[in-house]
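J.:
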Amino acid sequence: MYAVCRSLGLDAKKSATRRTVSCILRGQEEVARALRDYVGRPTPLFHAERLSEHYRQANGGRAEIAMKREDLNHTGAHNINNCIAQALLCLRMGRSRVIAETGGGQHGVAAAAVCARYDLQCCVYMGAKDMERQAQSVCQMRILGAEVCPVHTGTGTLKDATSAAMRDCISNLDTTHFMMGSVAGPHPYPMMVRDYQSIIGRETKRQCLEQFGGKPDILLACVGRGSNALGLFDEFVEDSDSLEGQVMDPHSIAAGLNYPGTGPEHSWLKDTGRADYHAPKKKIKKKNGDCACHSLPGYIVSPGA
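Counting along the sequence shown from 1, when you hit position 26 you're at 26 in UniProt numbering, and nothing is skipped either side.
Shown next as structure tokens:
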């Protein structure tokens, strides 16, 4: 943990100085500008009218379902919210090399894209098994100039790629920044990635007020390691409304969710009763679970989830 904190250049004694505060403010402005001009934020909140009607007929009630369209970000997912901020952090620390871990490939593609944007060397660790089933993402990473390093140890999936990336980081602290993809790992990664993803929830709250005249009653997200869920939940944690996550087991066929651990804040949300977490029933076929979400609103669910 000490080594990773050192690699991030987070010196608590200096954090209170005026120079550091000024640097943080400039950095926030730079991140906001990049999210707007490069990533394409804000993303829309889509009122899924046909999907809402489907569940009203099936279950009764007055459900109104809205989808936060993170798929419209550059590179097609929420991952780039975090990657763009960490790339700018890497530049401010004077590092020239970025390493990242990926399972479903979306974080790897986002990391490769921002490294190309800011002229940073990029190495993405990916389990050999995941590379086979996410070949298109591997191709995209290589087109963007990243080196994709296969990991054959263990199960050849995300957990092994994460371990390999961590070992690389510890061995190359002076030149390398580990662009962690989720709210897992040693401090300050869980907090840092959550903050970088919290723009999802801030936009969602504002858009719900504009479109529906109030805040949402329930927030629903899938949970692998948990960055997209916390990005949505964080803005609403102090509210009295319900948060809900669907946790996939560590043998999920979804490469982006195939991880045996979850961010520590999810444990806190569960223990304090602020969020409910449910494992999907294994007997339900994936295609049946996705059918209504695909055909009624006309969107394709992420292949990594």
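All residues carry an ideal CB built from backbone N, CA and C; glycine is no exception.
Quickly, what does DSSP pair V176 with across the bridge? List them, please.
T.: Within the sequence shown, the letter at position 176 stands for residue 176. Contrary to the premise, residue 176 reads as Thr rather than Val in this sequence. In DSSP, T176 forms a bridge with R97.
J.: Report the partner residues of C122 according to the DSSP bridge assignment.
T.: As a first step, residue 122 is located in the sequence shown; it is residue number 122 there, counting from the start. Answer by DSSP bridge pairing, in chain order: V98.
J.: Answer with buried or exposed for D37, where buried requires no fewer than 16 other C-beta atoms within 10 angstroms of its C-beta.
T.: On the sequence shown, position 37 is the one that residue 37 refers to. Classification for D37: exposed.
J.: Quick one, which of C90, A110, R142 and N73 has its alpha-carbon nearest L45's?
T.: Here residue 45 refers to the residue found at position 45 of the sequence shown. The shortest Cα separation from L45 among C90, A110, R142 and N73 belongs to N73.
J.: I'd like to know whether the C-beta atoms of E235 and S198 end up nearer to each other than 8 Å.
T.: Here residue 235 corresponds to residue number 235 of the sequence shown, with the count starting at 1. Here residue 198 corresponds to residue number 198 of the sequence shown, with the count starting at 1. The beta carbons of E235 and S198 sit closer together than 8 Å.
J.: Is R62 near the ligand PLP, with its Cβ less than 7 Å from a heavy atom?
T.: With respect to the ligand PLP, the structure offers nothing, as it holds no ligand at all.
J.: Buried or exposed for T102, going by 16 or more other Cβ atoms inside 10 Å?
T.: Along the sequence shown, one-based indexing puts residue 102 at 102. Here T102 is buried, its C-beta having at least 16 other C-beta atoms within 10 Å.
J.: Mark G231 as exposed unless 16 or more other C-beta atoms lie within 10 angstroms of its C-beta, in which case mark it buried.
T.: Numbered from 1 along the sequence shown, position 231 holds the residue referred to as residue 231. Burial check for G231: the Cβ neighbour count within 10 Å reaches 16 or more, so the residue is buried.
J.: Take the Cβ of L89 as the centre, count every other Cβ of all protein chains shown within 10 Å, and call the residue buried at 16 or more, exposed below.
T.: What you label residue 89 is simply residue 89 of the sequence shown in a count that begins at 1. Answer is buried; the Cβ neighbour count reaches 16.
J.: Whole angstroms is fine: what's the gap from T204's alpha carbon to F233's?
T.: As a position in the sequence shown, residue 204 is number 204, starting the count at 1. As a position in the sequence shown, residue 233 is number 233, starting the count at 1. Their Cα atoms are separated by approximately 10 Å.
J.: Only counting runs of 3 or more residues, tell me where the beta strand (DSSP E) segments fall wholly within the stretch 186 to 232, in order along the chain.
T.: 218 to 223
J.: Based on the DSSP secondary-structure assignment, which residues constitute the bridge partners of A66?
T.: Counted from its first residue, the sequence shown places residue 66 at position 66. Looking at the DSSP assignment, A66 forms a beta bridge with H47.
J.: Just to confirm before moving on: does the CB-CB distance between C115 and A146 stay below 8 Å?
T.: One-based indexing of the sequence shown puts residue 115 at position 115. One-based indexing of the sequence shown puts residue 146 at position 146. Going by C-beta atoms, C115 is nearer than 8 Å to A146.
J.: Determine whether the beta carbon atoms of G214 and C208 lie at a separation below 8 Å.
T.: Along the sequence shown, one-based indexing puts residue 214 at 214. Along the sequence shown, one-based indexing puts residue 208 at 208. Taking 8 Å as the Cβ cut-off, G214 and C208 qualify as a contacting pair.
J.: According to DSSP, which residues form a beta bridge with G127?
T.: Your numbering for residue 127 matches position 127 in the sequence shown. V151, per the DSSP bridge assignment.
J.: Ignore the nearest five residues each way along the sequence and tell me which others in T153's own chain have a CB closer than 6 Å to its CB.
T.: In the sequence shown, the residue the question calls residue 153 occupies position 153. Contacts found: D160.
J.: How long is the line joining the alpha carbons of A254 and C139, rounded to whole angstroms?
T.: What you label residue 254 is simply residue 254 of the sequence shown in a count that begins at 1. What you label residue 139 is simply residue 139 of the sequence shown in a count that begins at 1. Only weak support exists for where A254 lies, its pLDDT of 49 falling under 50; the coordinates are left without a value.
J.: Can you tell me whether T175 is buried or exposed, with buried defined as 16 or more other CB within 10 angstroms of its CB?
T.: Mapped onto the sequence shown, residue 175 falls at position 175. Classification for T175: exposed.
J.: Taking the alpha-carbon of residue 313 as reference, which of C122, G108, L219 and A48 has the nearest alpha-carbon?
T.: This structure leaves residue 313 out entirely; the chain is present only between 1 and 305.
J.: Tell me which residues share the same chain as E30 and place their Cβ nearer than 6 Å to its Cβ, disregarding the 5 neighbours each side in the sequence.
T.: Your numbering for residue 30 matches position 30 in the sequence shown. Within the same chain, E30 has close Cβ partners L88.
J.: Give the single residue among P297, Y299 and G224 whose Cα lies nearest to the Cα of Y277.
T.: Walking along the sequence shown from the start, residue 277 turns up at place 277. Out of P297, Y299 and G224, G224 has the C-alpha closest to the C-alpha of Y277.
J.: With a 10 Å radius around its C-beta and 16 neighbouring C-beta atoms as the bar for buried, classify A32 as buried or exposed.
T.: Position 32 of the sequence shown, counted from the first residue, corresponds to residue 32. It counts as exposed.
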